[in-house]
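Below is one structure, written out as structure tokens, with a few remarks after it.
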Amino acid sequence: MLYFLPLIGVVIYYAYKYWGATADKGNNLIMDEIHRPGGGVPKRMTPLILIATVITHLFGGSAGREGTAVQMGGSLAHVFTRWFKLDASETAVILTAGIAAGFGAVFGTPLTGALFAMEVLTLGRIQYNAWLPCLVAGIVADLTFTTWGCTIQPITSQ
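Residue 30 is where the sequence shown starts when you use our numbering, and the numbers rise one by one after that.
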């Protein structure tokens, strides 16, 4: 399957080009939306990233969990901001909580997910009003992940 990886890379490229809208900007799109709301995060970002990541892994490619978690969490959170028509400051908090949820669920570390979202993605300016939503989102995401039977397998060297 490894021999098909270049072909899969081309397929993923064209999928982002034709169906991805601005989703190809990845983490930068989420951070831009937190700092300067209004550009929007496309709804199709979550399924596109999930499918591209799974296909990449199936064919032996290297795709990290961090970026996928941040983008999917931010994209899903942005859907909620549209449904509830939240203002710019509320949108920033919800996007940050979405990132915390994605990171916390993927790594099984809800507290670290909350801290990651608040510190790294806010460029050193911690939004203390986002602390509780980020922590709750990380815990709920981690509980959901483990309730569904998903487990994090540590990487061990032999």
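Heads up, the beta-carbon is just placed ideally off N, CA and C, and yes, glycines get one too.
Computed from a predicted structure; not experimentally measured.
Using a threshold of 7 Å, state whether the C-beta atoms of alanine 129 and alanine 166 are closer than that.
yes
Applying the 10 Å Cβ sphere with the 16-neighbour rule, what's the burial state of aspartate 171?
buried
How would you call isoleucine 80, buried or exposed, if buried means at least 16 neighbouring beta carbons within 10 angstroms?
exposed
Check whether isoleucine 78 and threonine 97 have beta carbons under 7 Å apart:
yes
8 Å contact criterion, which leucine 105 and glycine 127 should meet: CB distance rounded
6 Å
Where histidine 107 falls, given that 16 or more other Cβ within 10 Å makes a residue buried:
buried
Identify whether lysine 46 lies in helix, strand or coil by the three-state DSSP scheme.
helix
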